[in-house]
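Q: One structure coming up, written as structure tokens, with questions to follow.
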Amino acid sequence: MNILERAEKAAELKKNGVCNCAQAVASVLADQTDLSEEELMKINAGFAVGMGNMEATCGALVGAVIMAGLSREGKGTVRLAKQMSEQFVKKTGASLCKDLKGRDTKVVLCPCEDCVRNAVLIYSETVGLKE
Numbered sequence: 000m001n002i003l004e005r006a007e008k009a010a011e012l013k014k015n016g017v018c019n020c021a022q023a024v025a026s027v028l029a030d031q032t033d034l035s036e037e038e039l040m041k042i043n044a045g046f047a048v049g050m051g052n053m054e055a056t057c058g059a060l061v062g063a064v065i066m067a068g069l070s071r072e073g074k075g076t077v078r079l080a081k082q083m084s085e086q087f088v089k090k091t092g093a094s095l096c097k098d099l100k101g102r103d104t105k106v107v108l109c110p111c112e113d114c115v116r117n118a119v120l121i122y123s124e125t126v127g128l129k130e
């Protein structure tokens with residue numbers, strides 16, 4: 000599956016309510032780690048809705064950063080997280096769930112499916128895919 004197919008599959012998983020944003024990203028990138036998809040779903044379970052209250056970082060971005068750390072065995076993860084966060088904000092307009100969903104402004108900057116799609120693409124641009 001190429002990166003565009005992965006991004007679309009992740010967006011569909013989120014849209015269909017199969018999993019949260021972080022889990023959708025992890026699911027389509029599971030083959031990039033030594034962990035099973037089931038284990039990754041558990042690891043990413045708590046990162047829905049900005050950690051449950053919309054106040055924290057978007058789960059899609061969190062999921063991508065977790066996957067970067069796992070796929071690189073922790074090496075250079077802080078640098079990658081910074082790069083990914085910067086790219087995510089450029090593409091979506093924010094990194095906090097409440098800002099992306101327009102909780103205070105009533106203006107949605109980026110729907111969840113697009114956040115998930117962007118996070119997968121940013122993972123690939125930043126980390127690259129293992130074959």
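Heads up: the sequence shown at position 58 corresponds to 57 in numbering that gives the first Met the number 0, and the numbers run straight through without jumps. Glycine residues also receive a C-beta, built at the ideal position from the N, C-alpha and C atoms.
#1: Answer yes if the segment 5-13 comes into contact with the segment 87-107, meaning at least three C-beta pairs across the two stretches below 8 Å, and no otherwise.
#2: Could you give the residue range of the alpha helix (DSSP H) that holds F87?
#3: Per the DSSP calculation, T56 is bridged to which residue(s)?
#4: Can you tell me where the alpha helix (DSSP H) with M40 in it begins and where it stops?
#5: Am I right that M83 and A63 are in contact with their C-beta atoms under 8 Å? What's the rounded C-beta distance?
A: A quick look at the data gives this:
#1: Output reads no: the segment 5-13 does not touch the segment 87-107.
#2: Indexing the sequence shown from 1 puts residue 87 at position 88. Run containing F87: 76-91, per the alpha helix (DSSP H) assignment.
#3: The residue given as residue 56 occupies position 57 in the sequence shown. DSSP links T56 through a beta bridge to L95.
#4: For the purposes of this step, residue 40 is taken as the residue at position 41 of the sequence shown. Here the alpha helix (DSSP H) through M40 covers 36-42.
#5: Along the sequence shown, one-based indexing puts residue 83 at 84. Along the sequence shown, one-based indexing puts residue 63 at 64. Indeed, because the Cβ distance is near 6 Å, the residues count as touching under 8 Å.
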